[in-house]
Amino acid sequence: MQTILTDFYSLESYEKAENGSFTAHILLNKDHDIFKGHFPGNPVTPGVCMMQIVKELSEEFTGQKLFLKSASNVKFMAIINPFETPQLKLQLDVNESEEEVKVKNTTSFGETIALKMSVNYKKLAK
(Lines of atoms letter the chains of each structure in order from A and count residues from 1; the text may use other names and numbers.)
(Lines give C-alpha, C1' and ligand atoms only; values in the text may rest on other atoms or scores of the structure.)
Protein backbone atom coordinates (compact mmCIF):
# COMPACT_ATOMS: atom_id res chain seq x y z
CA MET A 1 0.00 0.00 0.00
CA GLN A 2 1.38 3.39 -1.02
CA THR A 3 1.20 6.16 1.57
CA ILE A 4 2.50 9.72 1.99
CA LEU A 5 2.18 9.21 5.74
CA THR A 6 5.36 7.13 5.90
CA ASP A 7 5.28 4.85 8.93
CA PHE A 8 2.38 6.84 10.48
CA TYR A 9 0.02 3.87 10.63
CA SER A 10 -0.30 0.28 9.53
CA LEU A 11 -3.30 -1.52 8.10
CA GLU A 12 -3.74 -4.48 10.44
CA SER A 13 -6.75 -6.08 8.71
CA TYR A 14 -9.88 -5.33 6.71
CA GLU A 15 -13.10 -7.00 5.66
CA LYS A 16 -15.30 -6.27 2.68
CA ALA A 17 -19.05 -6.61 3.11
CA GLU A 18 -21.40 -7.77 0.36
CA ASN A 19 -22.80 -4.24 0.01
CA GLY A 20 -19.35 -2.87 -0.94
CA SER A 21 -18.50 -1.34 2.41
CA PHE A 22 -15.19 -1.97 4.13
CA THR A 23 -14.18 -2.22 7.77
CA ALA A 24 -10.49 -1.52 8.31
CA HIS A 25 -8.45 -1.88 11.49
CA ILE A 26 -5.36 0.30 11.69
CA LEU A 27 -2.64 0.84 14.26
CA LEU A 28 -1.16 4.31 14.74
CA ASN A 29 2.60 4.58 15.28
CA LYS A 30 2.76 6.47 18.58
CA ASP A 31 6.49 7.13 18.01
CA HIS A 32 5.99 8.99 14.70
CA ASP A 33 7.58 12.47 14.49
CA ILE A 34 4.18 14.11 13.85
CA PHE A 35 3.19 13.44 17.46
CA LYS A 36 6.32 15.16 18.78
CA GLY A 37 5.04 18.46 17.38
CA HIS A 38 1.27 17.90 17.63
CA PHE A 39 1.47 18.38 20.61
CA PRO A 40 4.52 17.88 22.87
CA GLY A 41 3.45 16.05 26.01
CA ASN A 42 -0.13 15.74 24.79
CA PRO A 43 -0.12 13.95 21.40
CA VAL A 44 -3.20 14.36 19.22
CA THR A 45 -3.72 12.77 15.82
CA PRO A 46 -4.14 15.64 13.31
CA GLY A 47 -7.48 15.71 11.53
CA VAL A 48 -5.79 16.15 8.16
CA CYS A 49 -3.87 12.91 8.79
CA MET A 50 -7.12 11.08 9.50
CA MET A 51 -8.57 12.45 6.25
CA GLN A 52 -5.45 11.25 4.39
CA ILE A 53 -5.78 7.77 5.92
CA VAL A 54 -9.37 7.56 4.64
CA LYS A 55 -8.17 8.59 1.16
CA GLU A 56 -5.35 6.04 1.16
CA LEU A 57 -7.64 3.24 2.33
CA SER A 58 -10.19 4.24 -0.32
CA GLU A 59 -7.45 4.02 -2.96
CA GLU A 60 -6.37 0.62 -1.65
CA PHE A 61 -9.90 -0.78 -1.65
CA THR A 62 -10.92 0.59 -5.07
CA GLY A 63 -7.58 0.13 -6.84
CA GLN A 64 -7.86 3.74 -8.06
CA LYS A 65 -5.67 6.82 -7.62
CA LEU A 66 -7.97 9.46 -6.13
CA PHE A 67 -8.05 13.25 -5.76
CA LEU A 68 -10.15 14.87 -3.02
CA LYS A 69 -12.91 16.81 -4.76
CA SER A 70 -15.07 17.73 -1.76
CA ALA A 71 -15.68 16.88 1.87
CA SER A 72 -18.87 17.49 3.78
CA ASN A 73 -20.21 16.80 7.24
CA VAL A 74 -16.66 16.47 8.58
CA LYS A 75 -17.08 16.05 12.32
CA PHE A 76 -14.17 15.39 14.67
CA MET A 77 -15.97 14.06 17.72
CA ALA A 78 -13.17 12.79 19.98
CA ILE A 79 -9.44 13.30 20.39
CA ILE A 80 -7.34 10.41 19.12
CA ASN A 81 -4.32 10.08 21.41
CA PRO A 82 -1.96 7.48 19.88
CA PHE A 83 -0.68 6.44 23.32
CA GLU A 84 -4.16 5.80 24.73
CA THR A 85 -6.03 4.57 21.64
CA PRO A 86 -3.62 3.54 18.87
CA GLN A 87 -6.02 0.96 17.39
CA LEU A 88 -8.75 2.47 15.22
CA LYS A 89 -11.65 0.98 13.30
CA LEU A 90 -12.67 2.72 10.09
CA GLN A 91 -15.98 1.96 8.41
CA LEU A 92 -15.95 3.05 4.76
CA ASP A 93 -19.13 2.92 2.70
CA VAL A 94 -17.84 3.19 -0.87
CA ASN A 95 -19.97 4.11 -3.88
CA GLU A 96 -18.15 4.15 -7.19
CA SER A 97 -19.24 5.67 -10.49
CA GLU A 98 -17.32 6.00 -13.74
CA GLU A 99 -15.52 9.21 -12.72
CA GLU A 100 -15.99 9.46 -8.94
CA VAL A 101 -15.74 7.59 -5.69
CA LYS A 102 -17.98 8.68 -2.81
CA VAL A 103 -17.04 7.51 0.67
CA LYS A 104 -18.91 7.83 3.96
CA ASN A 105 -16.54 7.21 6.85
CA THR A 106 -16.96 6.57 10.54
CA THR A 107 -13.76 6.17 12.58
CA SER A 108 -13.92 4.83 16.11
CA PHE A 109 -11.95 3.37 18.96
CA GLY A 110 -13.84 1.09 21.32
CA GLU A 111 -17.37 2.45 21.59
CA THR A 112 -16.25 6.04 20.91
CA ILE A 113 -16.83 7.63 17.51
CA ALA A 114 -13.89 9.93 16.73
CA LEU A 115 -14.63 11.05 13.16
CA LYS A 116 -17.54 11.11 10.73
CA MET A 117 -17.30 12.50 7.23
CA SER A 118 -18.49 12.19 3.66
CA VAL A 119 -15.99 12.72 0.86
CA ASN A 120 -16.08 12.77 -2.94
CA TYR A 121 -12.96 11.80 -4.85
CA LYS A 122 -12.23 12.21 -8.54
CA LYS A 123 -10.62 9.17 -10.18
CA LEU A 124 -7.21 9.96 -11.65
CA ALA A 125 -5.61 8.23 -14.60
CA LYS A 126 -3.36 5.40 -13.48
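The letter at position 49 of the sequence shown is residue 55 when you use this note's numbering, and the numbering goes up by one with no holes.
Yeah, the Cβ is synthetic: ideal placement off N, Cα and C, and Gly gets one too.
Going by DSSP, what residues sit across from residue i in a beta bridge?
i: SER27; result: ASP99
i: PHE82; result: LEU121
i: ILE32; result: LEU17 and LEU94
Would you check if the distance between the CB atom of residue i and the CB atom of residue j is smaller than 8 Å?
i: LEU72; j: LYS132; result: no
i: TYR127; j: LEU63; result: no
i: PRO92; j: LYS42; result: no
i: PHE14; j: ILE40; result: yes
List the endpoints of the continuous beta strand (DSSP E) containing residue i.
i: ILE119; result: 118–130
i: LYS22; result: 15–22
In the DSSP assignment, find the unbroken alpha helix (DSSP H) run with residue i in it and report its ends.
i: THR68; result: 53–68
Within 10 angstroms of its Cβ, does residue i collect 16 or more other Cβ (buried), or is it exposed?
i: LEU121; result: buried
Using DSSP with H/G/I as helix, E/B as strand and the rest coil, what is residue i?
i: PHE73; result: strand
i: PHE115; result: strand
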